[in-house]
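*Asks:*
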Amino acid sequence: MEIRVSSYTAVVDCPHCGCGNSNWVMDPRGAEAECDNCEKKFTVPENASITLT
Ligand SMILES: [Zn+2]
Numbered sequence: 001m002e003i004r005v006s007s008y009t010a011v012v013d014c015p016h017c018g019c020g021n022s023n024w025v026m027d028p029r030g031a032e033a034e035c036d037n038c039e040k041k042f043t044v045p046e047n048a049s050i051t052l053t
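Position 9, counted from 1, in the sequence shown is what full-length UniProt numbering calls 9; the numbers after and before it change by one each time, with no gaps.
1. For P15, which of F42, T51 and V25 has the nearest alpha-carbon?
2. If I follow the unbroken beta strand (DSSP E) through K40, where does it start and stop?
3. Excluding the 5 residues preceding and the 5 following E32 in the sequence, name in chain order all residues of the same chain whose CB lies nearer than 6 angstroms to its CB.
4. Which residues does DSSP list as the beta-bridge partners of V12?
5. Can we count N47 as close to ligand 1, meaning its CB is less than 7 angstroms from some heavy atom?
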């Protein structure tokens, strides 16, 4: 048995350039990431709000 989640895409805007990053393999909160666009590193706050779109 498996659980498949097909419509969940988390997007976090880079604080440096504003580019949306969506290559998350899990909940991005508390994670350290590197921007796809400017390649600068940033940390997603644990208390970041989630907006469903
Ligand atoms: Zn960036």
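Cβ coordinates follow ideal geometry from the N, Cα and C atoms, glycine included.
*Replies:* If we stick to the structure as given:
1. Measuring from the Cα of P15, the nearest candidate turns out to be F42.
2. Per DSSP, K40 belongs to no beta strand (DSSP E) and is neither H nor E.
3. Contacts found: T43.
4. N21.
5. no
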